[in-house]
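Following: one structure in structure tokens, then a few remarks.
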Amino acid sequence: MHSLSRLLCHHPLGLVSCIAALLFATPPLLAASEVVVVLNSREDSMSLIDPLTYQEVRRVPVGKGPHHLLPTPDNKHLIIANASSNDLVIVDPETAEIRQRVPRIADPYHLGFSRDGRWFVANGNRLNRVDIYRYHDLQFNLVKKLLLPSTPSHMSFAANNTVYVTLQDSNQLVAIALETQQVRWKVTTGPAPAGVWLTPDGKNLLVAATAADFVEVFSAASGEKIKQLTTGKGAHNFLAIGDGRHILLSNRVEGTISVIDQQSLSVIETFSVPGGPDDMELTADGTELWVTSRWRNRVAVVDMATRRIKKSIKVGRSPHGIYRRTHAPRT
Numbered sequence: 041m042h043s044l045s046r047l048l049c050h051h052p053l054g055l056v057s058c059i060a061a062l063l064f065a066t067p068p069l070l071a072a073s074e075v076v077v078v079l080n081s082r083e084d085s086m087s088l089i090d091p092l093t094y095q096e097v098r099r100v101p102v103g104k105g106p107h108h109l110l111p112t113p114d115n116k117h118l119i120i121a122n123a124s125s126n127d128l129v130i131v132d133p134e135t136a137e138i139r140q141r142v143p144r145i146a147d148p149y150h151l152g153f154s155r156d157g158r159w160f161v162a163n164g165n166r167l168n169r170v171d172i173y174r175y176h177d178l179q180f181n182l183v184k185k186l187l188l189p190s191t192p193s194h195m196s197f198a199a200n201n202t203v204y205v206t207l208q209d210s211n212q213l214v215a216i217a218l219e220t221q222q223v224r225w226k227v228t229t230g231p232a233p234a235g236v237w238l239t240p241d242g243k244n245l246l247v248a249a250t251a252a253d254f255v256e257v258f259s260a261a262s263g264e265k266i267k268q269l270t271t272g273k274g275a276h277n278f279l280a281i282g283d284g285r286h287i288l289l290s291n292r293v294e295g296t297i298s299v300i301d302q303q304s305l306s307v308i309e310t311f312s313v314p315g316g317p318d319d320m321e322l323t324a325d326g327t328e329l330w331v332t333s334r335w336r337n338r339v340a341v342v343d344m345a346t347r348r349i350k351k352s353i354k355v356g357r358s359p360h361g362i363y364r365r366t367h368a369p370r371t
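Numbering (the numbering used here), first residue to last: 41 to 371.
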């Protein structure tokens, strides 16, 4: 107990203050050098997990409708997007302590930074809008509200400051030039496109059809469809393994993870992760894959040597985005 609390408790007039201090005291944040942050989208909170003990050590309210999160370009801050409360929460990436709140960011369901760090994009799937901001040092200056029905979902960025956005309810993929805020091209995709991934060579876009069981490959330059890969039901989101060649795809309905070779554009392996696997994070050494299981309110930790779940961690309702500061390369 702090010295002030001891003083209040020993003083007769301070008894009420003492009780209040004990009831509403904020528990200390995780003291370890690493914390895994998981967003509980239907509980409006984030779960903080100690990766050494695989235990949830704290659950913190963040705002309404948190779905996705990402670090700032300088990696000094972590940004949590609250779609329903129309704001961003700025978090210390090492301790997960909330530092500040950025209001008036409309419906930020998904978010991302251009590769040069000058542009910030927020997909508003409720508003059918893609908002483009100029960004510098936690300053977000709105440049363009781009109406794009229906239901902007995920995004991916190219080196030439093009952002590719999936439109989930109109079954389309759109390319937007950030410098001009103009649509370069728009193409039809499979049903309910979500995750979109640009290959390291910048040539191909992989788009996951969440209402189907496949990934489509499009030319990043023209939008021409090149190929279709059968994966699993509910193909949803991508993550790099970190070797520059292979990526992972979560198949949410089927409860599996597919491994895709980006060079041959083929599925080489699929393994089981039940419970609606969604977002993923791979440890820096590549030994563990952490997966949010949205339908089980858990995070599954997969041993990548055996492809088997080694730990299942209870978190809040409908866990979605996940982040750890040390992770495998993103390509």
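Where a beta carbon is used, it is the ideal one built from N, C-alpha and C, also for glycine.
Between SER196 and LEU151, the gap from beta carbon to beta carbon reaches 7 Å or more.
Between the stretch 309 to 317 and the stretch 325 to 336 there are three or more inter-stretch CB-CB distances shorter than 8 Å, so the stretches are counted as touching.
Residue pairing by DSSP places LYS184 opposite ILE172 in a beta bridge. ILE353 carries a strand assignment under DSSP once its states are collapsed to helix, strand and coil. Counting only runs of 3 or more residues that sit fully inside the stretch 231 to 296, the beta strand (DSSP E) segments are 233 to 238, 244 to 249, 254 to 259, 265 to 270, 275 to 280, 286 to 291, in chain order. Contact between LEU109 and VAL97 does not hold, since the beta-carbon distance rounds to 18 Å and is not under 8 Å. Between VAL100 and ASP84, the alpha-carbon positions lie close to 9 Å from each other. In this chain, the beta strand (DSSP E) harbouring SER196 covers 192 to 197.
The continuous stretches of beta strand (DSSP E) do not include ARG334, and DSSP gives it neither H nor E.
For LEU279, same chain residues with a beta-carbon under 6 Å away, outside a window of 5 residues either side, are LEU288, MET320 in chain order.
Rounded to the nearest whole angstrom, the CA to CA distance from LEU246 to THR310 is 17 Å.
With a cut-off of 8 Å on Cβ pairs, the stretch 175 to 195 is in contact with the stretch 208 to 223, counting three or more such pairs. Between VAL236 and THR202, the C-beta gap is not smaller than 7 Å, which leaves the two residues out of contact. Cβ-Cβ separation between ASP127 and GLY105: approximately 10 Å, too far for a contact (criterion under 8 Å). Bounds of the beta strand (DSSP E) holding ILE89 are 85 to 90. As a beta-bridge residue in DSSP terms, VAL223 pairs with ILE216.
Nearest Cα to ASP132 within the set HIS276, TYR173, TYR363: TYR363. ILE349 sits buried, since 16 or more C-beta atoms from the chains shown fall within 10 Å of its C-beta. Straight-line measurement puts the Cα of ALA162 at about 5 Å from the Cα of ASP171. DSSP places GLN303 in the coil class of the three-state scheme, outside both helix and strand.
A residue is called buried when at least 16 other Cβ atoms come within 10 angstroms of its Cβ; ARG155 does not meet this threshold and is exposed.
About 7 Å separates the CB atoms of HIS367 and THR323; that is less than 8 Å, so the two are in contact. When the beta-carbon positions are compared, PRO359 and VAL129 stay at least 7 Å from each other. Within a 10 Å sphere around the beta-carbon of LEU187 sit fewer than 16 other beta-carbons, which makes this residue exposed.
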